[in-house]
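Here is the structure we will look at, set down as structure tokens.
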Amino acid sequence: DIKALNIFIGTNQILKIGDLGVAKLLPTKHTLSTTLVGTPYYLSPEHCKGENYDSRADIWALGVVLHELLLLEKPFEAKNQAALALKIIHSEPKKIGDQYSSDLSKIHQLLLIKDANLRPSITNIMSNQIIKKQIQKYFVVDKTDKNGNMILNQNMSLSGNVNMNATTQSRQIHLKYLI
Numbered sequence: 152d153i154k155a156l157n158i159f160i161g162t163n164q165i166l167k168i169g170d171l172g173v174a175k176l177l178p179t180k181h182t183l184s185t186t187l188v189g190t191p192y193y194l195s196p197e198h199c200k201g202e203n204y205d206s207r208a209d210i211w212a213l214g215v216v217l218h219e220l221l222l223l224e225k226p227f228e229a230k231n232q233a234a235l236a237l238k239i240i241h242s243e244p245k246k247i248g249d250q251y252s253s254d255l256s257k258i259h260q261l262l263l264i265k266d267a268n269l270r271p272s273i274t275n276i277m278s279n280q281i282i283k284k285q286i287q288k289y290f291v292v293d294k295t296d297k298n299g300n301m302i303l304n305q306n307m308s309l310s311g312n313v314n315m316n317a318t319t320q321s322r323q324i325h326l327k328y329l330i
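Under this note's numbering, the first residue of the sequence shown is numbered 152, with each subsequent residue one higher.
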């Protein structure tokens, strides 16, 4: 499950997703699942409707986590799971407001698009100019490996700015696309 309680801050302030106990391996030819597992607050609209779902449900869950980080509340609350499912399906989440940038507001809205067919994939998110701009502040893309992982070097200089010729200590970061 992608949810706030499963995101851990490790050494060097590196975020890690843990507790993937309900993760499900799907056959390589199929990308859809119909199981009803997961924490209710993070369920996608398609999941709540009992429809097939795929990795775009994780994008929704990431949007819920972002919403919680920004507003310190869940986007949808209800007294029981059935009422919660109806809110997820039919209600719109609260806008994040003017205290954050319009770029961040756009990302928030993209992640919480109700229609899974319109919701971006992780590849689309990583290709988004807003996200790319932020990644380039802190990382240098070295290459992409045969599995679609972007191999990035994080500059560990005190300035926090990426310098392609820097001789400062760096470490490799692997971002795996969830396609």
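Each residue gets a CB set at the ideal place from its N, CA and C atoms; glycine is no exception. Only a predicted model underlies this, so the values are computations on that prediction, with no experimental measurement involved.
Contact between Leu-221 and Tyr-251 holds: their C-beta atoms lie close to 6 Å from each other, under 8 Å.
Exclusion of the five residues before and after Ala-155 leaves Val-216, Glu-219 as the residues of its chain whose Cβ lies within less than 6 Å of its Cβ.
In the structure shown, Thr-162 falls within a helical segment according to DSSP collapsed to helix, strand and coil.
Counting only runs of at least 4 residues, the stretch 223 to 261 fully encloses the following alpha helix (DSSP H) elements, listed from N- to C-terminal order: 232 to 241.
Under the three-state reduction of DSSP output, Lys-265 falls in the coil class, being neither helix nor strand. Beta-bridge annotation (DSSP): Ile-168 is paired with Ile-158. With a 10 Å radius around the Cβ and a threshold of 16 neighbouring Cβ atoms, Gly-161 comes out exposed. At a Cβ-Cβ threshold of 8 Å, Ile-247 and Ser-256 count as neighbours.
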